[in-house]
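Asker: For the first sequence, UniProt numbering gives the first residue as 1, with consecutive numbering after it.
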Amino acid sequence: MYALIDCNNFYASCQRVFNPALNHQPVVVLSNNDGCVIARSNEAKSIGIPMGAPAFKWEPFFKQHGVHVFSCNFALYGDMSRRVMNLLATFSPDIEVYSIDEAFLEFTGNQNTDFLFLGSQIRTMITRGTGIPISVGFAPTKVLAKVANKIAKKFPDRTGDVYVIDTENKREKALRWTKIEDVWGIGRRETKKLQKIGVFNAHQFTQLNDAWVKTNMSITGLRIKKELEGISVLELEEVEDKRSIATTRSFDIMLTTEAELEERITTYATLSAEKLRRQQGVCQLITVFIKTNRFKPELPQYYRSVTVAIDFPTSSTIDIIKAAKKGLKEIFLPEFHYKKAGVILSEIQETDAVQLNLFHIRNAKHEVLMKTIDDVNKYWGGDRKVRFAGQSLNYVWKMRQEKLSPRYTTRIHEVIEINLKSEK
DNA sequence: TCTGGGGTCCTCCTGCAG
DNA sequence: TCTGCTGCAGGAGGACCC
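1) Starting from the N-terminal side, write out each stretch of the alpha helix (DSSP H) that is 4 residues or longer and does not extend beyond the segment 72 to 103.
2) Given VAL396, which residues of its chain have a CB within under 6 Å of its CB, disregarding the five upstream and five downstream residues?
3) What do you get for MET51, buried or exposed, if any count of 16 or more other CB atoms within 10 angstroms of its CB means buried?
4) For LYS214, which three-state DSSP category applies?
5) DSSP three-state label for ARG158, please.
6) Run through DSSP, which three-state label would THR287 get?
7) Count the other C-beta atoms from every protein chain shown that fall within 10 angstroms of the C-beta of ASP161, then say buried if there are 16 or more, exposed otherwise.
8) If you count every other CB in all the chains shown that lies within 10 Å of the CB of TYR303, and 16 or more means buried, which is it?
9) Please state the DSSP three-state secondary structure of GLN279.
10) Exposed or buried, which one is ARG411 when buried takes at least 16 other CB atoms within 10 Å?
11) How would you write the range of the alpha helix (DSSP H) that MET125 sits in, first residue to last?
12) Let me know the secondary structure DSSP gives ALA202 once reduced to three states.
13) So, at 7 Å on beta carbons, what are the nonlocal neighbours of LYS424 in its own chain, with the 5 sequence-adjacent residues on each side left out?
14) For ILE320, which of GLN284, LYS329, ALA53 and THR292 has the nearest alpha-carbon?
15) Using a Cβ-Cβ cutoff of less than 8 Å, which residues in the same chain neighbour ILE100 once the five nearest sequence positions on both sides are dropped?
16) Considering THR247, what are the terminal residues of the beta strand (DSSP E) in which it resides?
17) For LYS45 and TYR2, what's the separation of their Cα atoms in angstroms?
18) Is there contact here, the segment 28 to 38 with the segment 52 to 62, by at least three beta-carbon pairs under 8 Å?
19) Classify CYS14: buried if its beta carbon has 16 or more other beta carbons within 10 angstroms, exposed otherwise.
20) Taking the straight line between their C-alpha atoms, what separation do you get for VAL84 and ALA12?
21) So if DSSP puts THR292 in a beta bridge, which residue, or which two residues, is it bridged to?
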């Protein structure tokens, strides 16, 4: 039996934990750069704020309805997530942390387990331990556990935030209730395709011919179908080092010159290389992309990416910057207004597992230099970090975070204060 | 004026070798 | 030597997830 545990409106709930006055109030959390809405409390959903709403367009609405708006605070969310996951791990050693706010647990062996009771125990422990509300769905497969979780969340009064699919009758009823677009793994394009042939819910999807599904929706589609039928084909996945590492950003203003883009690309390459060294990895492919502003259709649109191979696996910022700049040169065209760019590292291996090449020897000096830079940056951090040539000294691009809450759990100076002065 | 970022996996296209 | 076919590999792009 699999359980899917999902934190309800996670980012908004994290904000509430440290400010209970926000309970029962509409709360939204904005993306990087205060761009668009990425999390909403139930109250915010019920007054019609959609996911992805551009903040600048919705600002009057927020004011009018007294919506509490927060910039994203990943230091806080990451730490709260770690606490939730640590508590979940006490229920089963078989845990897959699927995302910052979701985890699968697997329960094997005991056929007589009362999963409804177990679910409410998990709920109580997480709420008591972290203040974060969760929903729990149990089912024989991961995709069905997702469905069960959705039902638990949709009908909290009837389910108490826990739902178990453990009979054929319940499975069929749940599938008839689940809209095809809400099935885990079925996105917008596949939904359109399925609706065209009269498939509107998950039950209808399971009635399709296996061969048709495989031909038209690839092996991924067939796996989803099997899982919905109750046949488990997706197992818990172990957390492994990342296979690709990306640093991508939208710019505050549109850029037109190669020099400006080169400065950003150098910075993204530097950040990516730091992430790579943190997981003790080396990479051999560096992809660079640049794109124009898709929200300005009146301007000519352009998107290109290019992958540059390095002769030997490296984690040296110097090598990675060099390759990224070479890539940029290949794809840059002067006549466009650029809004976003990124650097993606792939073909990642562990440093110790690298196959040595007879003709290309890693520059040992780079390794010592990178370690020194990482140590210095770890010690000083912030604005006093060591920078590479190519990263402008005037580089002051900072995320707009006008409504940032304190990092209550990870910064000693931002810990919540309790005023014990009593009023008489 | 302001519209996110970071992943994985799969398919399609193209170039190359046999 | 040229042409056409086939299979393979790798890059680019897209779909999907949170």
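For glycine and all other residues, C-beta sits at the position ideal for the given N, C-alpha and C. As the structure is a computational prediction, the values presented were derived from the model and not from experiment.
Answerer: Taking the structure as given:
1) 74 to 88
2) With a pLDDT of 47 at VAL396, under the threshold of 50, the modelled position of that residue is not reliable, and the figure given next carries that caveat. Around VAL396: no qualifying Cβ.
3) exposed
4) helix
5) helix
6) strand
7) buried
8) exposed
9) coil
10) exposed
11) 115 to 130
12) helix
13) Residue placement at LYS424 is poorly supported in this model, since its pLDDT is 47, which falls under 50; the coordinates still yield a value, given next. Within the same chain, LYS424 has no close Cβ partners at all.
14) GLN284
15) PHE10, TYR77, GLY78 and SER81
16) 245 to 255
17) 29 Å
18) yes
19) buried
20) 15 Å
21) TYR338
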